[in-house]
Each structure stands twice: as C-alpha cells, then as structure tokens.
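**Student:**
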Amino acid sequence: LAADKTMKYAVVVGVYNMPAFFNKGDAFAYSIFADGAGAVVLERTEDDDESGYITGQQMTEGTQWDYIGIYTGGAKNPFTQERLDNAEMGLQLLKPLPGSRNIELWPPIVEHLLEKADITTKDVDHILFTQINLSVIKEVMKILDLPMEKTTTVMDKYGYTGSGCIPMALHHAIIESKIKKGDTVAFIASGAGLSVGCNLLKF
C-alpha cells in the first residue's frame with residue numbers, strides 16, 4: 002500500500018498445513034501441530050488518526066536449520082525408496098529445540114522495536130506471540146514487565162498452527178474486546194531454523 006498509491010486494500014494471509022507432512026505414528030508431531038489459517042485486511046485511509054503500520058524488526062540466522070523440518074525432496078536429498086522405507090519423507094525432529102530460545106530472543110527484539118518507535122512497553126496495549134508454548138509467553142511477559150491481560154493465547158484451543166496462529170490470536174483478541182481502535186499492538190513471530198520477526202501497528 003505504501004509503494005503503490007493506486008492500491009486500496011491488501012490481504013495478509015497466514016496458512017499452515019504441517020499435519021499433511023506427518024509420518025504415521027509420530028507422537029511428537031500429533032501432540033503439537035495443527036492445521037490453521039487466518040487473514041487480515043489492510044485498507045488505505047486518508048484519516049489523520051495515525052492508525053496503521055508503525056515499524057518492524059527482523060532477525061534471521063540459520064544456525065538451527067538441522068533441528069526440525071522436512072529434509073527429503075529436492076536436489077540435496079531426493080526421494081528414494083530407501084528414504085521412503087525409513088519414513089524420512091515427512092516432518093523430522095533431528096535435534097531437540099532449545100526450550101529457552103524464544104525467552105532469549107523475543108524480549109530484546111521487542112525492546113529494539115519499541116526503541117525504533119520511540120515508545121516503551123507501557124505504551125503497548127496488546128502483544129501477540131507465536132502460539133507454540135504458553136509457559137514461554139508467560140516468562141517473556143514477565144521479562145517485559147507486562148501483565149498477561151495484555152496478551153492473548155489460543156494454543157489451548159487449536160494447537161500450534163504456525164503462520165496461522167497470530168491472526169487467529171488477533172481474531173480472538175478483537176472479539177473478546179481486548180483490542181480496540183487506537184491501541185498500539187505488537188506482533189512477534191519466530192520460525193524453527195531460526196528467524197524472528199516483529200511488527201508494531203496502531204489500530
């Protein structure tokens with residue numbers, strides 16, 4: 002919308018279908034991952050109410066590329082009968098993910114995001130995280146000195162739905178009247194390999 006003034010709307014969609022790649026009998030995968038999708042419609046306005054996108058921050062480093070993923074297929078590990086027989090064609094957990102990873106990564110990237118926007122955590126009305134671990138979210142909120150009332154969690158309802166989980170949590174926050182017009186909201190997401198991204202918007 003910022004790049005093309007003729008555009009009035011943009012639809013941002015997050016979709017997750019990891020269960021399609023489970024190996025039969027994978028207790029780890031079936032206990033965590035689920036299908037999910039969510040979408041947000043952004044609209045260009047001429048209002049002077051300062052609503053909209055404020056700023057963002059992203060960090061990527063590939064040090065955990067070989068922890069969890071789908072590794073069979075493509076040029077490096079093409080499909081073979083042996084790999085199929087060994088159930089290597091789906092999601093594989095090769096190394097345990099560090100439990101403290103998001104506790105260490107999320108607070109500093111949030112603080113840097115707020116510094117860029119010249120605001121503090123006290124100015125944040127709501128904050129939404131990747132819905133992978135409730136205890137991690139509680140710990141991060143404690144580090145940021147924010148009450149749990151300022152976040153929304155939905156993993157107890159849907160499981161972990163990947164890129165669909167933040168718009169799904171946003172939907173619940175809105176229908177539960179936790180987010181209203183004029184609120185400053187932060188979105189924090191992380192991916193397995195690893196990457197972390199966050200955005201700040203005013204509703």
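Just so we're aligned: the sequence shown equals residues 2 to 204 in my numbering.
Just so you know, even glycine gets a beta-carbon here, dropped at the ideal spot from N, CA and C.
Fair warning: this is a prediction, and the values are worked out from it, not measured in the lab.
So, helix, strand or coil for S164, using DSSP?
**Tutor:** On the sequence shown, position 163 is the one that residue 164 refers to. Residue state, collapsed to three classes: helix.
**Student:** Below 6 angstroms CB to CB, which residues in the same chain sit around Q58 once its five sequence neighbours on both sides are set aside?
**Tutor:** As a first step, residue 58 is located in the sequence shown; it is residue number 57 there, counting from the start. Cβ neighbours of Q58 beyond the five flanking positions: I110, H113, L114, C199.
**Student:** Can you tell me which of F204, A193, K203 puts its alpha carbon nearest to the alpha carbon of M60?
**Tutor:** For the purposes of this step, residue 60 is taken as the residue at position 59 of the sequence shown. Answer by Cα proximity: A193.
**Student:** If distances are taken between C-alpha atoms only, which option among D119, G163, I138 comes closest to E105?
**Tutor:** Position 104 of the sequence shown holds residue 105. When only C-alpha atoms are compared, the closest one is I138.
**Student:** Taking the alpha-carbon positions, what's the V141 to G163 distance?
**Tutor:** Position 140 of the sequence shown, counted from the start, is the residue given in the question as residue 141. Position 162 of the sequence shown, counted from the start, is the residue given in the question as residue 163. Spanning the two alpha carbons is a distance of roughly 19 angstroms.
**Student:** Taking the beta strand (DSSP E) that S32 belongs to, which residues open and close that run?
**Tutor:** By one-based count along the sequence shown, residue 32 stands at place 31. It is not in any beta strand (DSSP E) - S32 instead sits in the alpha helix (DSSP H) that spans 28-33.
**Student:** DSSP on S136, reduced to helix/strand/coil?
**Tutor:** Taking the sequence shown and counting its residues from 1, one reaches residue 136 at position 135. In the structure shown, S136 sits in a helix (DSSP, three-state: H, G or I).
**Student:** Does DSSP classify N18 as helix, strand or coil?
**Tutor:** Position 17 of the sequence shown, counting from 1, holds the residue named residue 18. Coil.
**Student:** Should the stretch 85-102 be regarded as contacting the stretch 171-182, the criterion being three or more beta carbon pairs within less than 8 angstroms?
**Tutor:** no
**Student:** Quick one: is V111 near chain B, going by C-beta distance under 8 angstroms?
**Tutor:** Included in the structure is just one protein chain, with no chain B present.
**Student:** Is Y54 helix, strand or coil when you go by DSSP?
**Tutor:** Position 53 of the sequence shown, counted from the first residue, corresponds to residue 54. Y54 falls in the strand class under three-state DSSP.
**Student:** Provide the residue span of the beta strand (DSSP E) that contains E44, from first to last.
**Tutor:** For the purposes of this step, residue 44 is taken as the residue at position 43 of the sequence shown. Unbroken beta strand (DSSP E) run through E44: 37-44.
**Student:** Count Cβ pairs between the stretch 23-38 and the stretch 152-169 that sit closer than 8 angstroms; are there 3 or more?
**Tutor:** yes
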